[in-house]
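Numbering (the numbering used here), first residue to last: 22 to 119. Just below is one structure, and these are the notes that go with it.
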Amino acid sequence: MNKLSSRQVKQLKSKAHHLNPIFQVGKNGVNDNFLEQIDDVLEKRELIKISILQNCLEDKDNIASQISEGTESHIVTVIGNTIVLYRESKENKKIELS
Numbered sequence: 022m023n024k025l026s027s028r029q030v031k032q033l034k035s036k037a038h039h040l041n042p043i044f045q046v047g048k049n050g051v052n053d054n055f056l057e058q059i060d061d062v063l064e065k066r067e068l069i070k071i072s073i074l075q076n077c078l079e080d081k082d083n084i085a086s087q088i089s090e091g092t093e094s095h096i097v098t099v100i101g102n103t104i105v106l107y108r109e110s111k112e113n114k115k116i117e118l119s
């Protein structure tokens, strides 16, 4: 998996700006079922936001890493309690990175 360039990260951040979080990580953290759901949505949308709830006990950067590794996606950014992830779709490619 190639690392995203700073230009690509900037491009993805601007595309993600208007998105609403699709998933929420709560006190149960990240499990296999959760990763499968994220995996499916990443294939359809390529770029998603995940919010981390107040009751989540784990560190948000650890959660971002777990999800990223579990779904083979890129962490675009972690802002506040929101994680933005990107993975190029195999079937539904929508985002053209420069």
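Ideal placement from N, C-alpha and C gives every residue a C-beta, glycine not left out. Note that the structure is a prediction, hence the values are computed from the model and not measured.
Along the chain, where does the beta strand (DSSP E) that runs through Lys31 open and close? Run containing Lys31: none in the beta strand (DSSP E); it sits in the alpha helix (DSSP H), 27–37.
Tell me which residues share the same chain as Ser94 and place their Cβ nearer than 7 Å to its Cβ, disregarding the 5 neighbours each side in the sequence. Leu63, Leu106, Tyr107, Arg108
My output table needs one value for Gln75: the three-state DSSP class, helix, strand or coil. coil
Beta-carbon separation (whole angstroms), Lys115 vs Glu67, contact threshold 8 Å: 6 Å
Determine the extent of the beta strand (DSSP E) in which Val105 is found, giving its start and end residues. 103–107
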